[in-house]
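Protein chains in written order, with this note's numbering: chain A, 209 to 544; chain B, 612 to 1066.
For every residue, glycine included, the Cβ atom is placed at its ideal position computed from N, Cα and C.
Here is the structure we will look at, set down as structure tokens.
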């Protein structure tokens, strides 16, 4: 189809320019000094940046996670002495104690892991399909579709911190919009949307979905606009209904967009932080690993080692979807 | 680290420098000797250069030099009062003071990196273990010579609150405020309530208020820390001050039976406290008291009375009583009265001038100057006469004076990491005050205390 014809013309253009191509090929074998410098700089700068801003902090965090350190003074290699006040036991080698404490006596750890997984599930199972639905509906050109598109996209333009504050006005127990509308602002019957630990995660997930589905919608709209209209026509001619046309024809064609959306969804759910931090600093039912890392590392007294251990756990969890994605992508490239 | 400095967005009254101006000011002060590259010296965060410039700046004359002051007095009223205080300090000591205001919470969150980076010469901080913790890490300078001059202005309790674990003074206090039970006089008169002095009377009053259709005790804990105050007062009333401080520094285990008694009393009171506390900010709880939907509220004057002022509510109608006695052995001998003050950072660039400012601040007139604008805190200086004191402040002075000891607050009397752990634990208790849950929470508190204090 159109893509193959592109390739053909490109090949033809190459044939037409064999002479300069040969010269170029010889140039590749014998790089001049200037070329080598250019290549070195162009590869070296990203490599340095990658080392400095990705690998160094990641490895540093992993190392710090085996120490006990409150952020003051320097680290040393001695092992921490048991039964000493923590103020005297600073910057020492702590082994896997941080991990052990996190998994056994830190009450926020397992809820945080669970909430991170719930967050991921809600984004994958609710926010993304919802965004897709919006996109399809708007793409069908319903009346006022531009207006709907703007309304749904509006929250995406707000920072999550702002989204959190906007929803505080909705959820506030005694003065909030929702409780006022349903007449439950009294003291005994008010619904404690953000304070009840069985309720607040879901309340915050509504906020997050409100924003995320608009984001997904825009991505899918872009994808739908790029679908060749002749495909639709062909499907209609073959007698497919709207449902069949979408799932059998349009959806498979949008494969690249689907992959982008999946990656965005996973990333957004793993970096969830702002909303719960604005709401109640991520305590009492809103624990997330990212918040626990922050609350241990940023703060008046810092438990840098402990917070780093939590960060490493978050890294390992993030590596799972990333590895799956990379494995899939590279396998496809090899196959093609 | 730079967060602390750059987020100091100043509006309104006080002088509020940008980071650049601030650094230039600091460089001006420090760079008298270092003529070339003064700005660079001030920017550099390395120890040696800071010390060098601090030394050279310090040897110059104090008058006319500039001191930078990192302030967390970010609320408008406190900010105005603080600006008045520093203006008076400049008039008295001839030292120019540049204030660098940072949002209260941000200031606290960044304090460790702030003090290790390029801190201001002076900074606002809190008394108690929290001050001792930072002093013990070598992030503050001892102020013994300042205390030699201002010591006569304060009683032994204030000096004790300013003393670090090594016996040196590290803080110059400014004010404190009591944690007490607030009520509206008109509301008590209307229902013919009387002020309770014992636990039974208190519970009976709460019960009566509930029958009268009031929320007996306004309560909020969305921010986490307000509930710590309730734990503090119950523990001091039931187990006494010594037990309380030992518990908070983990010399008594959290699984102790005394702690269980505290939780049991609280569980008895909880049905009369405003429900859904974990989702409410304390300002909203104070509003239910203001609008007379609630009968009482236990919190600091620094919050409740200040909120009345902010909301332009009827401050004259507000009154308080100290928390009723539970264990007759202790009566009403203790309370939380957190003290705020000022410290000198280790990396201060202009030590002598900063000490001159502190000497002025540690005086009665300075406290009176600050309290002109502030209608809820009270000064600590001996025999302090403040004509602007209202009824709440006068009563605060009297009630704090009656105490045999004052605690600071859980997050000031213990390792802040432990206070953070207790915030989560108390919220879980508020959700489920059953006996089984209390035992579980005590065990969790003890495990975390062990990890934080001893291992």
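- In this structure, the straight-line span from the alpha carbon of residue 1061 of chain B to that of residue 869 of chain B is close to 18 Å.
- Comparing C-alpha distances from residue 1017 of chain B to each of B/738, B/680, B/921 shows the shortest one belongs to B/738.
- In the structure shown, residue 1027 of chain B falls within a helical segment according to DSSP collapsed to helix, strand and coil.
- Put simply, the CB of residue 356 of chain A is far from chain B, with every gap to its CB atoms at 8 Å or more.
- Scanning A/454, A/488, A/511, A/520 for the CA closest to the CA of residue 268 of chain A turns up A/520.
- Each of A/245, A/333, A/346, A/260 was checked against the Cα of residue 470 of chain A, and the nearest Cα belongs to A/333.
- Bridge pairing for residue 780 of chain B: B/774 [DSSP].
- With a cutoff of 8 Å on beta-carbon distance, residue 872 of chain B and residue 849 of chain B are scored as near each other.
- Here residue 441 of chain A is exposed. Its C-beta has fewer than 16 other C-beta atoms within 10 Å.
- At a cut-off of 8 Å between C-beta atoms, residue 957 of chain B does not count as an interface residue with respect to chain A.
- Close to chain B, meaning a Cβ-Cβ distance shorter than 9 Å, are the following residues of the region 504-531 of chain A: 504, 506, 507, 508, 509, 510, 511, 514.
- For residue 871 of chain B, the uninterrupted alpha helix (DSSP H) segment begins and ends at 868-880.
- Contacts between residue 1031 of chain B and chain A, judged by CB atoms closer than 8 Å, involve 503, 507 in chain order.
- As for any beta strand (DSSP E) of minimum length 3 sitting wholly inside the region 718-765 of chain B, the runs are 733-737, ordered along the chain.
- Here DSSP, grouped into helix, strand and coil, assigns residue 889 of chain B to helix.
- Within the same chain, and ignoring the five residues on either side of residue 316 of chain A in sequence, the residues whose Cβ sits closer than 8 Å to its Cβ are 491, 495, 500.
- Residue 804 of chain B sits away from residue 990 of chain B, with the two beta carbons spaced by 8 Å or more.
- The continuous beta strand (DSSP E) containing residue 708 of chain B extends over residues 707-712.
- Exposed is the label assigned to residue 1015 of chain B, since fewer than 16 other Cβ atoms lie within 10 Å of its Cβ.
- By the neighbour-count criterion, in which 16 or more other beta carbons inside 10 Å mark a residue as buried, residue 400 of chain A falls on the buried side.
- Between the alpha carbons of residue 390 of chain A and residue 467 of chain A lies a distance of about 41 Å.
- A direct Cα-to-Cα measurement between residue 377 of chain A and residue 393 of chain A gives close to 13 Å.
- Here the C-alpha atom of residue 742 of chain B lies approximately 41 Å from the C-alpha atom of residue 818 of chain B.
- According to the DSSP assignment, residue 791 of chain B belongs to the beta strand (DSSP E) that extends over 790-795.
- Within the region 1045-1058 of chain B, the residues whose Cβ lies closer than 8 Å to some Cβ of chain A are 1055, 1058, listed in chain order.
- Contact check for residue 730 of chain B against residue 681 of chain B passes: the beta carbons are separated by less than 8 Å.
- The beta-carbon distance between residue 895 of chain B and residue 831 of chain B, rounded to whole angstroms, is 6 Å. This is short enough to meet the 8 Å contact definition.
- Inclusion of residue 696 of chain B and residue 980 of chain B in the CB contact set at 8 Å is warranted, their separation being smaller than that value.
- With respect to chain B, the C-beta atom of residue 491 of chain A has a partner C-beta closer than 8 Å.
- Counting every other CB atom within 10 Å of its CB across the protein chains shown gives residue 284 of chain A a total below 16, marking it as exposed.
- Taking 3 residues as the shortest admissible run, the region 909-952 of chain B contains the following complete beta strand (DSSP E) segments, listed from N- to C-terminal end: 929-932, 945-947.
- Under the three-state reduction of DSSP output, residue 1065 of chain B falls in the helix class.
- Cβ neighbours of residue 297 of chain A within its own chain (closer than 8 Å, five residues either side excluded): 276, 288, 289.
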